[in-house]
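Chains as they are written, first to last, in full-length UniProt numbering: chain A, 1 to 294; chain B, 1 to 294; chain C, 1 to 294.
Glycine included, C-beta positions come from ideal geometry on N, C-alpha and C.
Predicted model only: the values in this text are computed from it and were never measured.
The structure under discussion appears below in the form of structure tokens.
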Amino acid sequence: MHTEHALPLLSPIVAGMWRMAEWNLDVAARVRWIEQALELGIHTFDHADIYGNHEVESLFGAALKAAPSLRERMRIVTKCGIRLTSAQRGVAVQHYDTSPAHVRAQVEASLRKLHVERLDLVLIHRPDYLMDATALAETFAALTDEGKVAHWGVSNHTVDQFALLDARHALRTNQVELSPLHLAALDDGTLDQAQRLGRRPMIWSPLGGGRLFTGEDAQAVRVRGVMQPMAERLGVSLATLAYAWILRHPSRPHPITGSGRIEGLREAVAALDVTLSAEDWYTIWTASTGHPVP
Amino acid sequence: MHTEHALPLLSPIVAGMWRMAEWNLDVAARVRWIEQALELGIHTFDHADIYGNHEVESLFGAALKAAPSLRERMRIVTKCGIRLTSAQRGVAVQHYDTSPAHVRAQVEASLRKLHVERLDLVLIHRPDYLMDATALAETFAALTDEGKVAHWGVSNHTVDQFALLDARHALRTNQVELSPLHLAALDDGTLDQAQRLGRRPMIWSPLGGGRLFTGEDAQAVRVRGVMQPMAERLGVSLATLAYAWILRHPSRPHPITGSGRIEGLREAVAALDVTLSAEDWYTIWTASTGHPVP
Amino acid sequence: MHTEHALPLLSPIVAGMWRMAEWNLDVAARVRWIEQALELGIHTFDHADIYGNHEVESLFGAALKAAPSLRERMRIVTKCGIRLTSAQRGVAVQHYDTSPAHVRAQVEASLRKLHVERLDLVLIHRPDYLMDATALAETFAALTDEGKVAHWGVSNHTVDQFALLDARHALRTNQVELSPLHLAALDDGTLDQAQRLGRRPMIWSPLGGGRLFTGEDAQAVRVRGVMQPMAERLGVSLATLAYAWILRHPSRPHPITGSGRIEGLREAVAALDVTLSAEDWYTIWTASTGHPVP
Numbered sequence: 001m002h003t004e005h006a007l008p009l010l011s012p013i014v015a016g017m018w019r020m021a022e023w024n025l026d027v028a029a030r031v032r033w034i035e036q037a038l039e040l041g042i043h044t045f046d047h048a049d050i051y052g053n054h055e056v057e058s059l060f061g062a063a064l065k066a067a068p069s070l071r072e073r074m075r076i077v078t079k080c081g082i083r084l085t086s087a088q089r090g091v092a093v094q095h096y097d098t099s100p101a102h103v104r105a106q107v108e109a110s111l112r113k114l115h116v117e118r119l120d121l122v123l124i125h126r127p128d129y130l131m132d133a134t135a136l137a138e139t140f141a142a143l144t145d146e147g148k149v150a151h152w153g154v155s156n157h158t159v160d161q162f163a164l165l166d167a168r169h170a171l172r173t174n175q176v177e178l179s180p181l182h183l184a185a186l187d188d189g190t191l192d193q194a195q196r197l198g199r200r201p202m203i204w205s206p207l208g209g210g211r212l213f214t215g216e217d218a219q220a221v222r223v224r225g226v227m228q229p230m231a232e233r234l235g236v237s238l239a240t241l242a243y244a245w246i247l248r249h250p251s252r253p254h255p256i257t258g259s260g261r262i263e264g265l266r267e268a269v270a271a272l273d274v275t276l277s278a279e280d281w282y283t284i285w286t287a288s289t290g291h292p293v294p
Numbered sequence: 001m002h003t004e005h006a007l008p009l010l011s012p013i014v015a016g017m018w019r020m021a022e023w024n025l026d027v028a029a030r031v032r033w034i035e036q037a038l039e040l041g042i043h044t045f046d047h048a049d050i051y052g053n054h055e056v057e058s059l060f061g062a063a064l065k066a067a068p069s070l071r072e073r074m075r076i077v078t079k080c081g082i083r084l085t086s087a088q089r090g091v092a093v094q095h096y097d098t099s100p101a102h103v104r105a106q107v108e109a110s111l112r113k114l115h116v117e118r119l120d121l122v123l124i125h126r127p128d129y130l131m132d133a134t135a136l137a138e139t140f141a142a143l144t145d146e147g148k149v150a151h152w153g154v155s156n157h158t159v160d161q162f163a164l165l166d167a168r169h170a171l172r173t174n175q176v177e178l179s180p181l182h183l184a185a186l187d188d189g190t191l192d193q194a195q196r197l198g199r200r201p202m203i204w205s206p207l208g209g210g211r212l213f214t215g216e217d218a219q220a221v222r223v224r225g226v227m228q229p230m231a232e233r234l235g236v237s238l239a240t241l242a243y244a245w246i247l248r249h250p251s252r253p254h255p256i257t258g259s260g261r262i263e264g265l266r267e268a269v270a271a272l273d274v275t276l277s278a279e280d281w282y283t284i285w286t287a288s289t290g291h292p293v294p
Numbered sequence: 001m002h003t004e005h006a007l008p009l010l011s012p013i014v015a016g017m018w019r020m021a022e023w024n025l026d027v028a029a030r031v032r033w034i035e036q037a038l039e040l041g042i043h044t045f046d047h048a049d050i051y052g053n054h055e056v057e058s059l060f061g062a063a064l065k066a067a068p069s070l071r072e073r074m075r076i077v078t079k080c081g082i083r084l085t086s087a088q089r090g091v092a093v094q095h096y097d098t099s100p101a102h103v104r105a106q107v108e109a110s111l112r113k114l115h116v117e118r119l120d121l122v123l124i125h126r127p128d129y130l131m132d133a134t135a136l137a138e139t140f141a142a143l144t145d146e147g148k149v150a151h152w153g154v155s156n157h158t159v160d161q162f163a164l165l166d167a168r169h170a171l172r173t174n175q176v177e178l179s180p181l182h183l184a185a186l187d188d189g190t191l192d193q194a195q196r197l198g199r200r201p202m203i204w205s206p207l208g209g210g211r212l213f214t215g216e217d218a219q220a221v222r223v224r225g226v227m228q229p230m231a232e233r234l235g236v237s238l239a240t241l242a243y244a245w246i247l248r249h250p251s252r253p254h255p256i257t258g259s260g261r262i263e264g265l266r267e268a269v270a271a272l273d274v275t276l277s278a279e280d281w282y283t284i285w286t287a288s289t290g291h292p293v294p
């Protein structure tokens, strides 16, 4: 029997809630969806304050309110720091805000909307040029002391940006984009740093936002051209192969799903049983870059 | 009453002497100019051996000789390491020189030209590919021991270049370019490193070399288009707003003025009373890059 | 009289064996070639498992078998980690492999082919995205304990890639490309890191792969245009000047020759007696970039 404290912070696959508002599920269906994810071994749910135009956390929270016993079986990740353009909120130009007041207000709003007493992991969503690392770290420490947040991390931060905040408060992860169609994190030091420090990254858009399946640009066509027969040879779906390609990285990443279909979660989990050969991994890399390794 | 030792190394705004030779001030006017800067709270004066074709330090030194009591009210920064093309000096190709002999010779020349016994801060002007960090650090230590230089720093150094020399001798600052029209230091790690290490940067060309006011390129037009009405709303000049934009950065930068007009100094100092909102700051960033934040 | 243990790991100039298979030397000629290199003070020989389509180590090893007393007068460097496309080896797509099994197998093959009991330095040839630094470092330690490899390093690794593996097992060097026609390592932090950590780099392609002598592209023409008269003024060959340009770098690089001609080795060694002035060094840099230093 799982208890909240016994669960690892991140399940191998993480369920991304980004598009939950588009799934059009009523509360009972949301509860059932969460239960099915948990049954698949996906116990971490990735949120952000702004997902679904600020609505997703409330949708998820309504399910937790309806089925409170779910809470102790899961880990909740959320993010803050982006202020979307919004007439209602009086924001004319989208920007970032990592001020102590904003981070505290968003954390407390997330707690309310999610109907939980503690967030397991909160990430700074984007690197804020105006981040005062000392002030932010003090806010992290205070919210931790208050029991409102267990762990902290960042998303989309460069090596130097990560090093700055991590020097003030230990960060658990950097959530970054990686897919067979988006290789930047392999070369810009992000994943080298993650592996060096032992901070397993979270991976967003592991399927290239769907471009892997339907993109007609040259890169997508090349990548699909090698991945489709490879998936058939391995007896897995194209999506499973993409997840396996990410899971093969030695920084031990946690891919985040985007799908509302339980089958989509199942395809991600299936990748945990696939270990790509180095040659298969580089065959996909070679198709993506359009040239062989040097 | 100020004393040399009680003054901080860098005043919030630093007076840049780069163009002093063009101001056509006689000695008495130079003394008066310095006094007015001091009265505005600008007690740090930024030089380089090469400014004004090697003449600026001497012009400033003549003022100090005429009014020696100024010295204890100020901090003097200078730089060395560039060898300008010069038939007279036998330099056919402009290059860098951070050899112990050259740095020592330039420091001693700066002391003579400025009519002072000690330089408060000396910067290596540009990153020299041929810099032997150990030998240079030994020279720093020797000149410090001899009482000729109080502190050391660099200018225009990358993160790795700064880390190299800083590992041998603690550097006080990295003087870099930043303005609403020049954003590189925000993204290349320079300011992240400065904040992480607590080494407040100095900022050159905070007004984009005048392009902010008169540039007809698309970027300058966009930036002026948002800054002009913002300055009016805040009740400050365009220049003051540009300084406030820089001062808003959490690395706590020291902008360097370029103007010979006392009014130009006053516009910089006025920025110390302006605190931009994050949205205003990002509105300028957005106009400069031509796209919203991700 | 030299002994293996008294020799420095790397002689100032290192003999590159990359093209040895093309030199068409019989065993006796290979022995003589090695003796001549040693007589010139070049006691380090740079190999890789894949050089000459996997044949060079065997050619060199046959010479060592024929003249076993050479071994204690030299240091042997080799590399592994690249899997070339090869029908025979069942590799359809060129890729990298730094798995413990592959590294161990290649080290043991190099020992057999070279007819030696220990490799003095083994480098990971290219940065492998799939490198598990902990597992690789354990393999390094095991092979060191077994007496098969004395020291470890890497080649073509970025600053972050070097930092990752170096955090698990101390690396002796990063072998990178540098020449008057290829300046990237000067700017990307590689040589700053090398100097900071005191890990003298090895330099491949110091003559730009021959482009320095015969290239008709604008950069090669510009560089030759300043180097040819400079070499004449200094009384050295163009090749010697190129080696001297590299040796002038404060990271204290070890250039690797590529030539099979003993005269080619002599031209490299001659550079040890040349110390370029900073102005000469930057004159070449300026010709290479096509613009003066800032």
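The Cβ-Cβ distance between B:S179 and B:A242 falls below 8 Å.
When C-beta distances to chain B are compared with 7 Å, the residues of the region 119–142 of chain A below that value are R126, Y129, L130, M131, D132 and A133, in chain order.
Per DSSP, the continuous beta strand (DSSP E) segment holding C:K79 begins and ends at R75 to C80. Taking 8 Å as the cut-off, the beta carbon of C:G189 is found closer than this to the beta carbon of B:T158. Check the Cα spacing between B:M227 and each of B:I262, B:R32 and B:E279: the tightest is with B:E279. The C-beta of C:T85 has fewer than 16 other C-beta atoms within 10 Å across all chains shown, which makes the residue exposed. A check of alpha carbon separations from A:R126 across A:G81, A:A105, A:R104 and A:K113 identifies A:G81 as the nearest.
A check of alpha carbon separations from C:L40 across C:D49, C:L64, C:S11 and C:V31 identifies C:S11 as the nearest.
DSSP links A:F45 through a beta bridge to A:A15 and A:I76.
According to the DSSP assignment, B:D120 belongs to the beta strand (DSSP E) that extends over L119 to I124. Taking C:W33 as reference, the option from C:G264, C:M230 and C:H291 with the minimal CA-CA separation is C:G264. Contact between the region 103–121 of chain A and the region 137–155 of chain A is present: 3 or more CB-CB pairs across the two stretches fall below 8 Å. For B:Y96, the nearest beta carbon of chain C is closer than 8 Å to its own beta carbon.
Counting only runs that start and end inside the region 149–199 of chain B, the alpha helix (DSSP H) elements of at least 4 residues fall at 159–166, 184–187 and 190–197. Taken through DSSP and simplified to helix, strand or coil, C:M202 comes out as strand. For A:P255, the uninterrupted beta strand (DSSP E) segment begins and ends at H254 to T257. Residue state for B:Y282 is assigned as helix, using DSSP reduced to three classes. At a cut-off of 8 Å between beta carbons, B:T158 contacts chain C. Across the structure, C:L111 and C:G153 are spaced so that their CA atoms are roughly 17 Å apart.
Only those residues of the region 208–230 of chain A whose C-beta falls short of 7 Å from the nearest C-beta of chain C would be listed, and there are none. Under the three-state reduction of DSSP output, B:R211 falls in the helix class. By the 16-neighbour rule on beta-carbons within 10 angstroms, C:S155 is buried.
Taking C-alpha positions only, B:R89 is separated from C:R252 by approximately 29 Å. Listed in chain order, the positions of the region 272–284 of chain A with a beta carbon within less than 8 Å of a beta carbon of chain C are A278, E279, W281, Y282 and T283. No Cβ of chain A is located within less than 8 Å of the beta carbon of C:V176.
At a cut-off of 8 Å between beta carbons, B:V236 makes no contact with chain C. Judged by DSSP in its simplified three-state form, A:R248 adopts coil rather than helix or strand.
For B:G147, not one C-beta of chain A is nearer than 8 Å to its own C-beta. Around A:L164, the beta-carbon contacts reaching into chain B at under 8 Å are D192, Q193, Q195 and R196.
A:F140 counts as buried, since no fewer than 16 other beta carbons sit within 10 angstroms of its beta carbon. Judged by beta-carbon spacing, B:L165 lies beyond the 8 Å limit of B:A185, meaning their Cβ atoms are not closer than that value. With a 10 Å radius around the Cβ and a threshold of 16 neighbouring Cβ atoms, C:S205 comes out buried.
The beta-carbon of C:A167 is placed less than 8 Å from the nearest beta-carbon of chain A.
Rounded to the nearest angstrom, the gap between the Cα atoms of C:E267 and C:H169 is 36 Å. For A:P250, the CB contacts under 7 Å within the same chain, skipping 5 residues up- and downstream, are Q195 in chain order. At a cut-off of 8 Å, the C-beta of B:T173 has no neighbouring C-beta in chain A.
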